[in-house]
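To start, the structure under review is shown below, and the notes come after it.
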Amino acid sequence: MPSPSTQEKPPYAIEAHGLTKSYGNHGKPAVRVLDHLDLRVAHGSVFALLGPNGAGKTTAVRILATLTTADSGTARVAGYDVVADRSAVRRAISLTGQFAAVDETQTGEENLRMMARLTGLSRPAARRRAEELLERFRLTDAARRPARTYSGGMRRRLDLAAGLTGSPEPGVFFLDEPTTGLDPRSRQELWEVVRGLAERGASVLLTTQYLEEADRLADRIALLDKGSIAAEGSAADLKGRVAGHRLDLVLTSRDAYLRLTGRAVHHSPETLTVGLPTDGSAAHVRALLDEIDPAGTEIDRFTLHSATLDDVFLALTSEVPAHA
Amino acid sequence: MPETAAPLVPLGRAPGPLTHASVMAGRSLRVSLRNSDALIMSLALPIMLMLIFVYFFGGAIETGAGYDSYVMYVVPGVLLLCAGFGAATTATAVSEDMKGGIIDRFRSLDVGGTPVLAGHVAASTVRNLFATVLVFGVAVLIGFRPAASWSGWLLVATVLIAYIVALSWISAAIGLLARSPEAASGFTFFMSFLPYPSSAFAPIEKMPDWLHGFAENQPITPAIESLRGLLLGEPVGNAPWIALAWAGGMLAVAIAASGVLFRIRTR
Ligand SMILES: Nc1ncnc2c1ncn2[C@@H]1O[C@H](COP(=O)(O)OP(=O)(O)O)[C@@H](O)[C@H]1O
Ligand SMILES: [Mg+2]
Numbered sequence: 165m166p167s168p169s170t171q172e173k174p175p176y177a178i179e180a181h182g183l184t185k186s187y188g189n190h191g192k193p194a195v196r197v198l199d200h201l202d203l204r205v206a207h208g209s210v211f212a213l214l215g216p217n218g219a220g221k222t223t224a225v226r227i228l229a230t231l232t233t234a235d236s237g238t239a240r241v242a243g244y245d246v247v248a249d250r251s252a253v254r255r256a257i258s259l260t261g262q263f264a265a266v267d268e269t270q271t272g273e274e275n276l277r278m279m280a281r282l283t284g285l286s287r288p289a290a291r292r293r294a295e296e297l298l299e300r301f302r303l304t305d306a307a308r309r310p311a312r313t314y315s316g317g318m319r320r321r322l323d324l325a326a327g328l329t330g331s332p333e334p335g336v337f338f339l340d341e342p343t344t345g346l347d348p349r350s351r352q353e354l355w356e357v358v359r360g361l362a363e364r365g366a367s368v369l370l371t372t373q374y375l376e377e378a379d380r381l382a383d384r385i386a387l388l389d390k391g392s393i394a395a396e397g398s399a400a401d402l403k404g405r406v407a408g409h410r411l412d413l414v415l416t417s418r419d420a421y422l423r424l425t426g427r428a429v430h431h432s433p434e435t436l437t438v439g440l441p442t443d444g445s446a447a448h449v450r451a452l453l454d455e456i457d458p459a460g461t462e463i464d465r466f467t468l469h470s471a472t473l474d475d476v477f478l479a480l481t482s483e484v485p486a487h488a
Numbered sequence: 357m358p359e360t361a362a363p364l365v366p367l368g369r370a371p372g373p374l375t376h377a378s379v380m381a382g383r384s385l386r387v388s389l390r391n392s393d394a395l396i397m398s399l400a401l402p403i404m405l406m407l408i409f410v411y412f413f414g415g416a417i418e419t420g421a422g423y424d425s426y427v428m429y430v431v432p433g434v435l436l437l438c439a440g441f442g443a444a445t446t447a448t449a450v451s452e453d454m455k456g457g458i459i460d461r462f463r464s465l466d467v468g469g470t471p472v473l474a475g476h477v478a479a480s481t482v483r484n485l486f487a488t489v490l491v492f493g494v495a496v497l498i499g500f501r502p503a504a505s506w507s508g509w510l511l512v513a514t515v516l517i518a519y520i521v522a523l524s525w526i527s528a529a530i531g532l533l534a535r536s537p538e539a540a541s542g543f544t545f546f547m548s549f550l551p552y553p554s555s556a557f558a559p560i561e562k563m564p565d566w567l568h569g570f571a572e573n574q575p576i577t578p579a580i581e582s583l584r585g586l587l588l589g590e591p592v593g594n595a596p597w598i599a600l601a602w603a604g605g606m607l608a609v610a611i612a613a614s615g616v617l618f619r620i621r622t623r
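From first to last, the protein sequence lines stand for chains A and B. Plus 164 on top of the position in the first sequence (first one is 1) and you've got the numbering used here. Plus 356 on top of the position in the second sequence (first one is 1) and you've got the numbering used here.
Printed below as a string of structure tokens:
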């Protein structure tokens with residue numbers, strides 16, 4: 165096997181071209197979940213795949229992690245082809261799926277030792293590795309308890325550690341919605357863990373439904389819409405494009421409402437309300453109000469919201485994302 | 357060297373399927389030791405079956421000449437009945453694995469389907485052997501007096517282990533076939549039923565005519581005949597070899613079928 169020290173590194177930790185995948189549904193026409201998805205994750209970077217439920221995030225991760233195959237398209241992970249070099253990809257990556265994959269009846273320690281043994285470590289090496297990971301993920305106190313007694317956050321951390329047992333570091337990490345269903349405190353803790361991985365030089369592909377999470381953690385964010393990337397850039401790039409806040413205006417007349425619907429990202433005809441993207445700064449809100457209603461007669465009231473993922477989608481894509 | 361260049365992550369030696377299977381067997385055993393209800397049940401049930409057959413039905417069943425008591429006749433049948441029951445738990449365990457995310461974890465650690473199933477089967481075999489020893493012990497307490505030679509004992513152990521392994525692997529395949537652990541345990545019913553239409557508990561001649569063909573040619577019968585003959589120190593002809601051929605055949609089919617099923621379930 166060629167070693168990276170003697171040869172040049174591949175340009176990307178993860179590279180996918182034209183990944184397409186459909187699921188047939190017993191008689192019904194097949195649903196195209198991924199449609200020519202292209203991805204490039206530079207090594208040592210944290211990349212967020214942002215999208216609502218049903219966007220195809222898990223499917224993309226499962227293809228890249230070799231757990232399922234694409235109908236067409238190619239992908240290389242850590243320099244290995246996901247189809248031709250499946251075993252090599254598996255040994256190079258760490259995967260934390262959307263649902264924790266640990267043995268409930270085994271203790272945290274037993275789980276980690278087992279995983280480490282499966283990656284080929286000897287019994288003593290596996291014991292040391294398990295101890296090290298329990299320490300690193302702050303699970304030492306709970307090491308001897310069955311995993312079924314763990315909280316959601318602890319289970320996630322154990323799952324992350326499990327993915328790490330035998331992988332070389334810095335490696336390539338896949339984290340599928342690592343914080344979905346966690347309380348705010350556990351979410352913060354998990355963010356710390358991801359930052360820790362990044363500091364060690366890991367390449368991370370994480371999926372999330374939360375703009376804020378992508379913003380906090382990722383160097384680059386890609387918006388997944390209808391199976392392909394609708395927009396991609398740094399958090400700042402995207403925020404520039406989607407604003408980040410929404411100014412909801414309750415208008416005084418139907419005419420004013422109709423005049424503004426074209427640029428609105430939120431509509432409520434019954435209440436004559438439109439929502440417009442803004443960065444939320446006083447300067448921008450004031451400028452927006454002045455521009456829309458120079459005479460000061462058309463706006464009754466206003467409220468300012470943080471942009472939701474739906475707003476981001478509306479701003480960057482044509483349609484409201486379908487909630488599965 | 358293609359221009360795509362070297363891999364980013366250098367890899368160590370990959371462990372082989374045998375390492376994987378032995379780690380998986382350790383896991384299954386640990387988990388079954390922890391499930392104390394199921395464990396007690398799997399040890400108590402064989403003993404209960406033994407006592408029920410000997411004391412409830414024993415007086416009513418005519419086994420024909422040559423057996424001092426029903427216990428001398430029925431031990432092989434109880435052993436295989438227990439092997440069936442014990443093996444059936446494999447289906448539930450495999451089905452539980454398929455339901456949770458753990459199989460994805462194993463796959464992402466590059467563990468194949470066959471080693472995962474082999475681990476379950478190995479653990480099932482160890483559990484069953486404990487139950488078997490227990491059944492022998494209780495049988496001896498209630499009057500079973502085996503007269504097997506050393507080579508006879510060896511062949512008894514070989515036939516028993518072969519059947520336990522084969523039935524466990526069939527059960528593992530059923531676990532892959534079933535969509536839920538509950539369904540899996542339902543599907544294994546037929547396996548526990550198989551010893552009844554054989555010479556396990558009563559001579560085949562006493563059964564209705566239409567059953568003879570099946571009873572004489574089904575896989576449990578040669579196992580019963582060879583275990584009974586060997587344990588009582590009587591000539592068994594080629595029955596043990598027929599039994600081992602059946603076990604080998606069933607195992608081969610089960611391994612092949614479960615390989616295919618595993619691939620379908622994890623597509
Ligand atoms: N194994 C499968 N069989 C059929 N449909 C599937 C399967 N896996 C996912 N899907 C469908 O594909 C779509 C995308 O799913 P998924 O990749 O899980 O999205 P996300 O992770 O972004 O929520 C959904 O509509 C889902 O129902
Ligand atoms: Mg998902």
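Glycine residues also receive a C-beta, built at the ideal position from the N, C-alpha and C atoms. Treat the numbers as computed from the prediction; the structure is a model and nothing was measured.
Exercise. Among residues of its own chain, excluding the 5 on either side of Val210 (chain A), which ones have a beta-carbon nearer than 6 Å to its beta-carbon?
Worked result: As a working note, residue 210 (chain A) is residue 46 in the first sequence. The residues are Ala362, Val368, Leu381, Ala382, Asp383.
Exercise. Tell me the DSSP bridge mates of Lys185 (chain A)?
Worked result: By 1-based counting over the first sequence, the position of residue 185 (chain A) is 21. According to DSSP, Lys185 (chain A) bridges with A:Leu198.
For this session: Might you give, ordered along the chain, the residues of its own chain that have their beta carbon closer than 7 Å to the beta carbon of His568 (chain B), omitting 5 neighbours on each side?
Result: Against the second sequence, residue 568 (chain B) aligns to sequence position 212. Once the five neighbours on either side are set aside, the close Cβ partners of His568 (chain B) are Ile560.
Exercise. Just to check, is the beta-carbon of Asp340 (chain A) closer than 7 Å to a non-hydrogen atom of ligand 2?
Worked result: Here residue 340 (chain A) refers to the residue found at position 176 of the first sequence. Indeed, a heavy atom of ligand 2 lies less than 7 Å from the Cβ.
Exercise. Which residues, taken in chain order from the stretch 196-223 of chain A, show a beta carbon closer than 7 Å to some beta carbon of chain B?
Worked result: His207
Exercise. Can you find a CB in chain A that lies within less than 8 Å of the CB of Ser384 (chain B)?
Worked result: Here residue 384 (chain B) corresponds to residue number 28 of the second sequence, with the count starting at 1. False, the Cβ-Cβ gap to chain A never drops below 8 Å.
For this session: Spell out a yes or no on whether the stretch 244-251 of chain A and the stretch 287-297 of chain A are touching, meaning 3 or more CB-CB pairs, one atom from each, closer than 8 Å.
Result: no
Exercise. So the alpha helix (DSSP H) Glu299 (chain A) belongs to, where does it begin and stop?
Worked result: As a first step, residue 299 (chain A) must be located in the first sequence, where it is residue number 135. Note, Glu299 (chain A): alpha helix (DSSP H), 287-300.
Problem set entry | Closer than 8 Å to chain B by CB, Ala326 (chain A) | Within the first sequence, the letter at position 162 stands for residue 326 (chain A). Yes, its Cβ sits closer than 8 Å to a Cβ of chain B.
For this session: Closer than 7 Å by C-beta to Asp379 (chain A): which residues in its own chain qualify, once you throw out the five before and the five after it? Chain order, please.
Result: Within the first sequence, the letter at position 215 stands for residue 379 (chain A). Cβ within range, chain order: Ala399.
Exercise. Hey, is Gln262 (chain A) close to ligand 2, as in C-beta under 7 Å from one of its heavy atoms?
Worked result: Here residue 262 (chain A) is taken as the residue at index 98 of the first sequence, counted from 1. At least one heavy atom of ligand 2 is nearer than 7 Å to the Cβ of Gln262 (chain A), so yes.
For this session: Using only the heavy atoms of ligand 1, determine whether one of them is closer than 7 Å to the beta carbon of Thr416 (chain A).
Result: Start at 1 with the first residue of the first sequence, and residue 416 (chain A) comes out as number 252. False, no ligand heavy atom lies under 7 Å from that Cβ.
Exercise. Residues in the stretch 272-302 of chain A with C-beta within 8 Å of chain B's C-beta atoms, listed in sequence order?
Worked result: Glu274, Met278, Met279, Arg281, Leu282, Thr283, Gly284
Exercise. Quick one: what does DSSP say Ala601 (chain B) is sitting in, helix, strand or coil?
Worked result: Position 245 of the second sequence, counted from the start, is the residue given in the question as residue 601 (chain B). If DSSP states are grouped into helix, strand and coil, Ala601 (chain B) belongs with the helices.
For this session: Could you tell me which chain B residues have their CB closer than 7 Å to the CB of Ala264 (chain A), listed as they occur along the chain?
Result: Looking up residue 264 (chain A) in the first sequence gives position 100. Within chain B, the residues near Ala264 (chain A) are Gly457.
Exercise. Looking at the C-beta of Arg254 (chain A), does it have a partner C-beta in chain B at a distance below 8 Å?
Worked result: What you label residue 254 (chain A) is simply residue 90 of the first sequence in a count that begins at 1. True, the Cβ-Cβ gap to chain B drops below 8 Å.
Exercise. Going along chain B in order, which residues have a C-beta closer than 8 Å to the C-beta of Thr461 (chain A)?
Worked result: On the first sequence, residue 461 (chain A) is found 297 positions in, with the first residue counted as 1. Ordered by position in chain B, no residue passes the 8 Å Cβ test against Thr461 (chain A), which lies about 59 Å from the chain.
Exercise. What does Ala478 (chain B) touch in chain A if you count any residue whose Cβ is under 9 Å from its own?
Worked result: Your numbering for residue 478 (chain B) matches position 122 in the second sequence. Within chain A, no residue comes near Ala478 (chain B); the closest Cβ sits about 15 Å away, beyond 9 Å.
Problem set entry | Residues bridged to Glu396 (chain A) [DSSP beta-bridge criterion] | By one-based count along the first sequence, residue 396 (chain A) stands at place 232. Beta-bridge pairing links Glu396 (chain A) to A:Ala386.
For this session: Could you tell me whether the Cβ of Asn391 (chain B) comes closer than 8 Å to any Cβ of chain A?
Result: Residue mapping note: residue 391 (chain B) aligns to position 35 of the second sequence, counting from 1. Answer yes: the Cβ-Cβ gap between Asn391 (chain B) and chain A drops below 8 Å somewhere.
Problem set entry | Spatially closest choice to Pro471 (chain B) from B:Gly372, B:Leu588, B:Ser582, by CA coordinates | In the second sequence, residue 471 (chain B) corresponds to position 115, counting from 1. Taking only the C-alpha atoms, the option nearest Pro471 (chain B) is B:Gly372.
Exercise. Looking only at DSSP bridge pairs, what is Ala180 (chain A) linked to?
Worked result: For this step, residue 180 (chain A) is matched to residue 16 along the first sequence. In DSSP, Ala180 (chain A) forms a bridge with A:Leu203, A:Ala239.
Exercise. Hey, is Leu480 (chain A)'s beta-carbon within less than 8 Å of any beta-carbon in chain B?
Worked result: Sequence index remark: in the first sequence, residue 480 (chain A) carries index 316 (1-based). False, the Cβ-Cβ gap to chain B never drops below 8 Å.
Problem set entry | Min CB distance Ile619 (chain B) to chain A below 8 Å | As a position in the second sequence, residue 619 (chain B) is number 263, starting the count at 1. A small correction: the amino acid at residue 619 (chain B) is Arg; Ile does not occupy that position in the sequence shown. Output row for Arg619 (chain B): interface = no.
Problem set entry | C-alpha distance - Arg463 (chain B) paired with Val515 (chain B), whole-angstrom precision | Counted from its first residue, the second sequence places residue 463 (chain B) at position 107. Counted from its first residue, the second sequence places residue 515 (chain B) at position 159. Each residue's alpha carbon lies about 33 Å from the other.
For this session: For Arg254 (chain A), collect the residues of the same chain with a Cβ closer than 7 Å to its Cβ; drop the 5 residues on either side in sequence, then sort them by chain order.
Result: Walking along the first sequence from the start, residue 254 (chain A) turns up at place 90. Correct list, in chain order: Thr230.
Exercise. So, Gly360 (chain A) versus Ala307 (chain A), is the Cβ gap smaller than 8 Å?
Worked result: Residue mapping note: residue 360 (chain A) aligns to position 196 of the first sequence, counting from 1. Residue mapping note: residue 307 (chain A) aligns to position 143 of the first sequence, counting from 1. Not closer than 8 Å, so no.
Exercise. Would Val616 (chain B) count as contacting chain A if we go by Cβ distances under 8 Å?
Worked result: The sequence position of residue 616 (chain B) within the second sequence is 260, counting from 1. Chain A contact via Cβ: absent.
Exercise. Can you name, in chain order, every residue of its own chain whose Cβ lies under 6 Å from the Cβ of Thr544 (chain B), other than the five neighbours on each side?
Worked result: Residue numbering aside, residue 544 (chain B) sits at position 188 when the second sequence is read from its first letter. Excluding positions up to five away in sequence, the list reads Ala444, Ala447, Ser527, Ile530.
Exercise. Does Gly182 (chain A) have its Cβ less than 8 Å from a Cβ in chain B?
Worked result: In the first sequence, the residue the question calls residue 182 (chain A) occupies position 18. Cβ-Cβ to chain B under 8 Å: no for Gly182 (chain A).
Exercise. Using the beta-carbon count (16 or more within 10 Å), is Met406 (chain B) buried or exposed?
Worked result: In the second sequence, the residue the question calls residue 406 (chain B) occupies position 50. Under this definition Met406 (chain B) is a buried residue.
Problem set entry | Segment contact, 8 Å Cβ cut-off, at least three pairs: the stretch 492-509 of chain B with the stretch 539-556 of chain B | no
Exercise. Which same chain residues, not among the five before or five after Gly414 (chain B), have their C-beta less than 6 Å away from its C-beta?
Worked result: The residue you call residue 414 (chain B) lines up with position 58 of the second sequence. Answer for Gly414 (chain B): Tyr426, listed in chain order.
Problem set entry | Alpha-carbon spacing of Phe618 (chain B) relative to Ser258 (chain A), whole angstroms | For this step, residue 618 (chain B) is matched to residue 262 along the second sequence. For this step, residue 258 (chain A) is matched to residue 94 along the first sequence. The straight-line gap from Cα to Cα measures roughly 22 Å.
Exercise. For Ser417 (chain A), which option in A:Asp401, A:Val266, A:Val438, A:Glu268 has the closest C-alpha, if you only look at C-alpha atoms?
Worked result: Mapped onto the first sequence, residue 417 (chain A) falls at position 253. Answer by Cα proximity: A:Val438.
For this session: Mind checking who Leu468 (chain A) pairs with in its DSSP beta bridge?
Result: Along the first sequence, one-based indexing puts residue 468 (chain A) at 304. Bridge partners of Leu468 (chain A): A:Leu411.
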